[in-house]
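Everything on this sheet refers to the single structure shown next.
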């Protein structure tokens, strides 16, 4: 998977890092990537992360906060679900 | 040869690639690191190491040795890639696995590294590998069923007093739905030594009964296995820099420097 390069020089390798970056970048940097002409984040999510659903959701907005919410939901829901299943597996093994 | 080391390759689940990892690490240690290597098939019920290495119907096997009929030296075969192999019997008969450790003792003076491909069943067969090994490598893959087996295997090995070197993640697709390195390390409390990518070349090599590190040595899967093999004997293999420069690899092949 190719990285995403933010115009401030930061390299993003995955959705978790994109979420971190969006939470701190200034509006100028954000609107360089998301404007009437293009939505670089949506394109990268579609082309590299291969998440069609998230890419479509991100493509429909130019609001930074909305994109952060979409990414947060996607990243943290997955992580919480994984941790929940892993905890159940460990409990089952430890209770043998 | 005082620094001889026995590595047991275990997994509490069939099909994760134990034999592939065992045969390829052994091949690489012999071919790339010039070590005297012996690979042993201690998967007594379903011994398939020979089929990975082109030894289909050997006259004597580990089964004959553990049945007390033959000397262990009668069951050692020289492979064309330079290492030695003790295969199992494809139509196995009953043996006593508990004497494996004792039978291997004289071989410590001959080989730098002995690799034991274990049974995936949690019974005396696997305990025999645990008892005979200096260190265990637990082969896993990044999904819930295999993680569950991995946690279980590590727990049992701990109870048996075995020394676990770490986990080898095999057949990683690098997909977002897979468990991450962090998920697996945190759930198992054990370090991941290497992440070996899924590659159809492994199956292609198997069809020729040749380890992929010899069949396709430049393939990413082979490079990762060679790095793992090197780390087991404390050697980091130098790589030629790419013409296009260094590419960042987020998964990081080797995390353990011996």
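Chains as they are written, first to last, in the numbering used here: chain L, 1037 to 1132; chain R, 806 to 1063.
Heads up, the beta-carbon is just placed ideally off N, CA and C, and yes, glycines get one too.
All figures in this text were calculated on a predicted structure; none of them were measured in a lab.
Enclosing beta strand (DSSP E) for residue i [first to last residue]
| i | result |
| --- | --- |
| residue 1067 of chain R | No answer is possible for residue 1067 of chain R: the residues shown for chain R start at 806 and end at 1063. |
| residue 976 of chain R | 969 to 977 |
| residue 891 of chain R | 889 to 891 |
Chain-ordered chain L contacts of residue i [CB-CB under 8 Å]
| i | result |
| --- | --- |
| residue 953 of chain R | 1125, 1128 and 1129 |
| residue 992 of chain R | 1122, 1125 and 1126 |
| residue 818 of chain R | Within 8 Å Cβ-Cβ: nothing; residue 818 of chain R doesn't reach chain L, min ~13 Å. |
Chain-ordered chain R contacts of residue i [CB-CB under 9 Å]
| i | result |
| --- | --- |
| residue 1060 of chain L | Those within 9 Å of residue 1060 of chain L in chain R number zero; the least Cβ separation is about 20 Å. |
Residue i - partner residues in DSSP beta bridges
| i | result |
| --- | --- |
| residue 1041 of chain L | L:1047 |
| residue 922 of chain R | R:814 and R:846 |
| residue 1002 of chain R | R:977 |
| residue 916 of chain R | Answer by DSSP bridge pairing: none, since residue 916 of chain R is not bridged. |
| residue 1070 of chain L | L:1075 |
| residue 997 of chain R | R:972 |
| residue 932 of chain R | Looking at the DSSP assignment, residue 932 of chain R forms no beta bridge with any residue, so it has no partner. |
| residue 882 of chain R | R:890 |
Extent of the continuous alpha helix (DSSP H) run through residue i
| i | result |
| --- | --- |
| residue 908 of chain R | 905 to 909 |
| residue 1076 of chain L | 1076 to 1080 |
| residue 819 of chain R | Where residue 819 of chain R is concerned, there is no enclosing alpha helix (DSSP H), given that its DSSP letter is neither H nor E. |
| residue 960 of chain R | 949 to 964 |
| residue 983 of chain R | Residue 983 of chain R -> no alpha helix (DSSP H), and no H or E assigned at all. |
| residue 1124 of chain L | 1100 to 1130 |
| residue 1095 of chain L | 1088 to 1095 |
| residue 1027 of chain R | 1025 to 1037 |
| residue 1017 of chain R | 1017 to 1020 |
| residue 870 of chain R | 867 to 871 |
| residue 1083 of chain L | Looking at the DSSP string, residue 1083 of chain L is not in any alpha helix (DSSP H), and its letter there is neither H nor E. |
| residue 854 of chain R | 854 to 858 |
Neighbour list for residue i in chain R, Cβ cutoff strictly below 8 Å
| i | result |
| --- | --- |
| residue 1057 of chain L | Here the premise fails: no neighbours, minimum Cβ distance about 15 Å. |
| residue 1121 of chain L | 949 |
Contacts of residue i in chain R (Cβ-Cβ under 7 Å)
| i | result |
| --- | --- |
| residue 1118 of chain L | 984 and 988 |
Chain L residues whose Cβ lies nearer than 7 Å to that of residue i
| i | result |
| --- | --- |
| residue 957 of chain R | 1129 |
| residue 960 of chain R | 1129 |
Within-8 Å CB hit, residue i to chain B
| i | result |
| --- | --- |
| residue 924 of chain R | You won't find chain B in this structure, because its protein chains are L and R. |
Cβ pair count under 8 Å reaching 3, the segment 826 to 834 of chain R against the segment 1030 to 1040 of chain R: yes
Contact residues within the segment 1077 to 1107 of chain L, judged by C-beta distance below 9 Å to chain R: 1085, 1086 and 1087
Cβ contact check for the segment 874 to 889 of chain R and the segment 1006 to 1013 of chain R: 3 or more pairs under 8 Å: no
Touch test, the segment 844 to 853 of chain R against the segment 961 to 971 of chain R, Cβ-Cβ under 8 Å, three pairs minimum: no
Selection of the segment 1002 to 1022 of chain R by Cβ proximity to chain L, strictly under 9 Å: none
Touch test, the segment 935 to 947 of chain R against the segment 859 to 872 of chain R, Cβ-Cβ under 8 Å, three pairs minimum: no
Segment contact, 8 Å Cβ cut-off, at least three pairs: the segment 1054 to 1068 of chain L with the segment 1102 to 1118 of chain L: yes
Residues of the segment 853 to 868 of chain R with Cβ closer than 7 Å to any Cβ of chain L, in chain order: none
Sufficient close CB pairs (3 or more, under 8 Å) joining the segment 1113 to 1123 of chain L to the segment 1086 to 1099 of chain L: no
Contact set between the segment 960 to 981 of chain R and chain L, restricted to residues whose Cβ is under 9 Å from the partner: 960, 979, 980 and 981
At least 3 beta-carbon pairs within less than 8 Å: the segment 951 to 960 of chain R vs the segment 815 to 823 of chain R: yes
Meets three-Cβ-pair contact criterion under 8 Å: the segment 877 to 891 of chain R and the segment 940 to 949 of chain R: no
Three-pair Cβ contact test at 8 Å for the segment 851 to 863 of chain R versus the segment 1012 to 1022 of chain R: yes
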